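Everything on this sheet refers to the single structure shown next.
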Amino acid sequence: MCGIVGYLGKRNAYPVLIKGLKRLEYRGYDSAGVALLTKDGNLQVYKTKGKVSDLETYAADKDTTGTVGIAHTRWATHGEPNSTNAHPHISYMGNLAIIHNGIIENYAVLKKQLQEHGIEFKSNTDTEVLVQLIEYVRTKRETDLLTAVRIALRSVIGAYAIAILDKNDPDQIIAARKSSPLVVGIGEEEFFLGSDASPIIEYTDKVIYLDDKDIAVIRRGEEVEVVDFNNEKMEHEVTTVELNLAQIEKGGFPHFMLKEIFEQPECLKDCMRGRVNVEANNVTLSAIIDNRKHLINPRRIIIVACGTSWHAGLIGKQLIEDFCQIPVEVEYASEFRYSKPVINEQDVVIAISQSGETADTLAAIELAKSKGAFIYGICNAIGSSISRATNTGSYIHVGPEIGVASTKAFTGQVTVLTMLALALGKERGTIDNLRYTRVLEALNEVPEKMEQLLTQGDTIKDISRIFTYAHNFLYLGRGYNYPVALEGALKLKEISYIHAEGYPAAEMKHGPIALIDDEMPVVVVATKNVLYDKVVSNIQEIKARKARVIAIVSEGDETICKMADSVIELPHTEECLEPLLASIPLQMLAYYIAVAKGKDVDQPRNLAKSVTVE
Ligand code: M6R
C-alpha cells in the first residue's frame, strides 16, 4: 500500500525521486521521505508527515545533491502517520537506509530478539525491524550487504518490497520483493526502482518485473543481477513497458477521477478491441480458446474479489448464470481465504482485481489453487502479481487507474465479464443465437451511449449541489442494478465521507425503510426492465416518507419523472448491460458531491489504491 522509488545513475536523484513519489502517491499518502547519498558522502534522510508536496517543502532548504537515493510514500499499517514512523528508516549504526511496502508479520518477535541484543528502536513500525536485522546480521557475521539481506530475509514472515541504501557504498542499491510489487527500470547508465512502472517510463521503457523472493543488486556500471535467498542467479527477461505519460497525467482535468470517468467510452473500446466483432457476430477471448477443457464445463464458478471488483463480480454472476447456466458464487476474497471452501479440480475460480496486487485476492487464489481449482484472472495492471498467479485470464485494458475510487476499472471488469459470459455461453450452447447477437451488438454500442451520458455532467453537477447537506444516503436497485446500487454507495462514501448504504430495492421494507425521512436522499436505479413496476412502488413508498428521490431511469420515462425529485435518463440498452451505463451518473454524482464538499477526491482519507496488506 506504500509507494517505493529508487534511482542510481548520472542525474541528480532527488527530482527523479520526488516526481516518482508523486506518481505513486495513489498508493498511500500519509507521510513521505527520501534518503540520499549526497555529493560529500553523507547519508541524508528527510521525512515528514503529509504528502509528497509537504516533503518537498520540508527539504527545500536542505542538501539534496547526490546521484543515488530511495524514497517512499506511506500508508500507515504499524505506527501512526508521523515523521518518525515515515520511511526511510535508518539502521542502529547509521549505515543503512530502508524503504518498505508490505507488512512484516513476525516483526514483534524479531524486534524483541534484537532488543535483547541491545538494539534500540526509534519508530513503531515493522519496517525498522528489517533494517536493524540486516545491519545486525552484517555486523555479527562480518559479511557483505547482499549476504546479510539474504540471511535476514530468510527469517522474515510477511510481505515486502524493499530497497536499501548503504552509506559506505554509493554505487549500489539492493532491492527485494515478496508478495509486494517491484519493478527495476534500466536506462543508459542509470537504474530506477518503482512499485510500478509509472515513475520509470519517462526515462526508459525497459524494465524487469521482480518475482517473489528475488533480490536485485543494482550496481553503477554493471548489469542488474537478480539472485534468490540462496544466492542462485535468477534469469529475468527485460521487458518493454507499454505505458505512456499521457495515461498517467491529468490531461487538463482537475482530478484523475473525473478524467477516468470521462475516459470510459475509449477504455471500453480498448477493452473490446480484437475481441468483439459485430460483423462476424463473434466474441473471442483467447483465454477461453486456449483453456477450453477447463472452462467449458466446470462444476461451478467461484468469483473472488474485494471492493468494487467484488461488485463487478456480482454482475458477473448474473451474466454467467444467465448466459452459461453454470452456478456461480461470489465471495469476498478476505472471507474466502479463511473459510474452509469445498473446492476441487472441477471448479473454476475467477479472481477480479484492478491492481492485481490485492493481498486478500492473491491469498484466495493460492488457496483455490492448492485445492486444484483452475484460476482465471481479470486484472488491469499488466504483469501484476495476480495476473501471474492465475492459470489464465483476460486483461481489461483500460489503462492505469490513478484515482483511488475505482471507475473505469469497474466498467472494464463488467465488460470483460460480459464478453466471457457470451463467449462461454456460445461454446456451451446455452445462449440462443438471437440473444447472443442482440447483446453483442448492444455491447458494441455501449461506448457511444456512454458518450451521450457524459454530456449530462452539468445536470448531475447541479443535482449534486442540492444534496451536499445529507449525512446519509440510500441506494436501491434490483437484478442487474442491485450491484450498481452497492457500487454507487461505495463511491459516495469513499470520496465524500457521507454514509451510504446500497440495498436491493425490495429489501428496503425489511429494515432500511425505518431510516427514511426528509433528511435522507434515496438514489433509485429504476430502468424499464422486468422489475420496473415493483421499483416504481418502492419509489412511492419512499415519497410517502418524504425523502428526496434521485432516480436513474430509461430515456423517455414519464411515470418516474413525475414522482422523483431529480431524474437522470439513460439511453436504452439490453437489461444485462444497464450496469455499464447506470454506473456513470452514480460515479459523477459521488464526484461532484465530494468536490462541492471540498474533499480530496483522488486521495481520500485513510484509503490507498492498492491494498497489499490484509
Ligand atoms: O485492485 P483491486 O481491484 O483488487 O482492489 C479492490 C478494492 O480495494 C477496490 O476496488 C476498492 O474498493 C476501491 N477503492 C473502490 O473504489
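Going by numbering that gives the first Met the number 0, the first residue of the sequence shown is number 0, and it counts up by one from there.
By construction, the Cβ of each residue, glycine as well, lies at the ideal position given by its N, Cα and C atoms.
Source: prediction; values computed, not measured.
Can you tell me where the alpha helix (DSSP H) with residue i in it begins and where it stops?
i, result
"Asn432", "Asn432 to Leu453"
"Lys46", "Taken as a continuous stretch (DSSP letters only), Lys46 belongs to no alpha helix (DSSP H), being part of the beta strand (DSSP E) at Leu42 to Lys48."
"His21", "Inspection of the sequence shows that residue 21 is occupied by Lys rather than by His. It spans Ala12 to Leu23 - the alpha helix (DSSP H) in which Lys21 sits, taken as one unbroken run."
"Ser463", "Gly456 to Ile465"
"His293", "Arg291 to Leu294"
"Ser495", "Tyr481 to Ser495"
"Ala505", "From DSSP, Ala505 is part of no alpha helix (DSSP H); its letter is neither H nor E."
"Tyr57", "Val51 to Ala58"
Rounded to whole angstroms, how far is the Cβ of residue i from the Cβ of residue j, which I believe are closer than 8 Å?
i, j, result
"Arg413", "Ala484", "Before going on, a small fix: residue 413 reads as Val here, not Arg. No, Val413 and Ala484 are not in contact; Cβ-Cβ is about 14 Å, not under 8 Å."
"Val348", "Ile364", "7 Å"
"Ile666", "Ile551", "For the chain, the structure presents residues 0 to 613; residue 666 sits outside this window and is missing."
"Glu440", "Val277", "6 Å"
"Leu580", "Leu419", "Contact doesn't hold; Cβ gap of about 20 Å is too wide."
"Ala607", "Trp74", "4 Å"
"Asp346", "Arg298", "6 Å"
"Ala408", "Gln353", "4 Å"
"Ser90", "Ile133", "7 Å"
"Lys111", "Ala85", "Their Cβ separation, rounded to whole angstroms, is 24 Å, which puts Lys111 and Ala85 out of contact at 8 Å."
"Asn537", "Leu475", "6 Å"
"Ile314", "Leu421", "That pair is no contact at about 14 Å."
If I follow the unbroken beta strand (DSSP E) through residue i, where does it start and stop?
i, result
"Glu328", "Val327 to Tyr331"
"Gln171", "Asp168 to Lys177"
"Leu95", "Leu95 to Ile103"
"Cys323", "Premise fails: Cys323 lies in the alpha helix (DSSP H), Gly306 to Cys323, not in any beta strand (DSSP E)."
"Leu473", "Asn471 to Gly476"
"Arg218", "Asp213 to Arg218"
"Leu192", "Phe190 to Gly193"
"Lys9", "That residue, Lys9, is in no beta strand (DSSP E); it is neither H nor E in DSSP."
"Leu36", "Ser30 to Leu36"
"Thr357", "Here Thr357 belongs to no beta strand (DSSP E), and DSSP marks it neither H nor E."
"Tyr208", "Lys205 to Tyr208"
"Asp517", "Segment: none, Asp517 is in no beta strand (DSSP E) and carries neither H nor E."
"Ala162", "Gly157 to Asp165"
"Ile185", "Val182 to Ile185"
Comparing the C-beta of residue i with each C-beta of chain C, is any distance below 8 Å?
i, result
"Pro340", "No chain C appears in the structure shown, which is made up of a single protein chain."
Three-state secondary structure (DSSP) at residue i?
i, result
"Pro253", "coil"
"Arg604", "coil"
"Ser384", "helix"
"Cys378", "strand"
"His86", "coil"
"Phe228", "coil"
"Ile342", "coil"
"Ile301", "strand"
"Ala363", "helix"
"His396", "coil"
"Val148", "helix"
"Ala625", "In the structure as shown, the chain begins at 0 and stops at 613. Residue 625 is therefore absent and cannot be evaluated."
"Ile247", "helix"
"His116", "coil"
"Thr142", "coil"
"Val403", "coil"
"His693", "In the structure as shown, the chain begins at 0 and stops at 613. Residue 693 is therefore absent and cannot be evaluated."
"Val67", "strand"
"Glu613", "coil"
"His77", "coil"
"Ala279", "coil"
"Glu201", "coil"
"Val223", "coil"
"Gly428", "coil"
"Thr124", "coil"
"Ala196", "coil"
"Gly2", "strand"
"Thr389", "coil"
"Val594", "helix"
"Ser352", "strand"
"Glu500", "strand"
Relative to the ligand M6R, what is the chain-ordered list of residues with a Cβ closer than 5 Å to any of its non-hydrogen atoms? Cys305, Gly306, Thr307, Ser308, Ser352, Gln353, Ser354, Thr357, Ala404, Ser405 and Val610
What beta strand (DSSP E) runs, 3 residues minimum, are completely inside the segment 522 to 578? 548 to 553 and 565 to 569
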